Amino acid sequence: AALPIIYPTSYAGLVFRADLQAGEDLLVHAAAGGVGIAAVQIGKALGARVIATAGSAEKLEIARQNGADDTIDYRKEDFVERVMALTEGKGADVIYDSVGGDVFDKSLKCIAWNGRLLVIGFASGVIPSVKANRILLKNIAITGLHWGAHASKDPAKIPATFDALFRLYDEGKIRPVIYKNYALEEVPEALSGLGSRRTYGKVIIAP
């Protein structure tokens, strides 16, 4: 229950869309969330250096435990300045954005030449827009991943993705992180936790 959706989303996004390569710098926003932890683990498995953002010391520690090389508390630090410092002025080669809004806008300021900004979702509730000249000037690509559409649009990617994920799991390179298993009658509590951002990893509803 903890692997479907979040791990295929992160794997297909990083591999098929962003073409993440070993040795590149990967910036993962909301790195203690479900897709964020998956992106951190998969990024490390692919040989990238992972820079993770989150909003508390506890969540940053979770990101580190799952493979993040460097962490940034976005509530206390300007992640643009920190990313540029950590990459010695180059910027992140791949940026994994499940947040949107201001996070997307600021990410364009710390992306490397030839960088790829991967759009996974809009947890902030704000769908951003971008002026095309900003894409041109840094020679970057902005790409998206809608995993749910693969069943009808590109079904061959589904078994290929799960084969790769099961291999990484068997090698011990990915491990789903479960915050808590909730009973069906505890759904309101689970939703409250998600809404208040208290949770990390995957929340499971077990009937």
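If you want my numbering, it's the 1-based position in the sequence shown plus 1.
Note that beta-carbon positions come from the ideal geometry of N, C-alpha and C, so glycine has one too.
It should be emphasised that the depicted structure is a prediction, and the values quoted were computed from it without experimental measurement.
Under 6 angstroms Cβ to Cβ from residue i, same chain only, skipping five residues before and after it: list those, please.
| i | result |
| --- | --- |
| Phe80 | Thr54, Ile73 |
| Val100 | His30, Ala31, Ala124, Ser125 |
| Tyr8 | Ala39, Leu166 |
Whole angstroms is fine: what's the gap from residue i's alpha carbon to residue j's?
| i | j | result |
| --- | --- | --- |
| Leu28 | Ile96 | 5 angstroms |
| Asp71 | Glu25 | 14 angstroms |
| Ser57 | Leu169 | 29 angstroms |
| Val84 | Glu186 | 43 angstroms |
| Ile159 | Gly48 | 23 angstroms |
| Pro5 | Val36 | 11 angstroms |
| Tyr75 | Ala69 | 15 angstroms |
| Val131 | Glu172 | 40 angstroms |
| Val120 | Lys139 | 18 angstroms |
Could you tell me if residue i is buried or exposed, where buried requires 16 or more neighbouring beta carbons within 10 angstroms of its beta carbon?
| i | result |
| --- | --- |
| Gln22 | exposed |
| Gln66 | exposed |
| Ile128 | exposed |
| Lys278 | Outside the shown range of the chain (2 to 208) lies residue 278, about which nothing can therefore be said. |
| Trp114 | exposed |
Using DSSP with H/G/I as helix, E/B as strand and the rest coil, what is residue i?
| i | result |
| --- | --- |
| Arg18 | helix |
| Asp1 | This structure cannot settle anything about residue 1, because the visible part of the chain is limited to 2 through 208. |
Which residues in the same chain have their Cβ closer than 7 angstroms to the Cβ of residue i, if we skip the five residues on either side of it in sequence?
| i | result |
| --- | --- |
| Gly92 | Val84, Met85, Cys111, Ile112, Ala113, Gly116 |
Sufficient close CB pairs (3 or more, under 8 angstroms) joining the stretch 5-19 to the stretch 105-113: Because the criterion of three Cβ pairs below 8 angstroms is not met, the stretch 5-19 and the stretch 105-113 do not touch.
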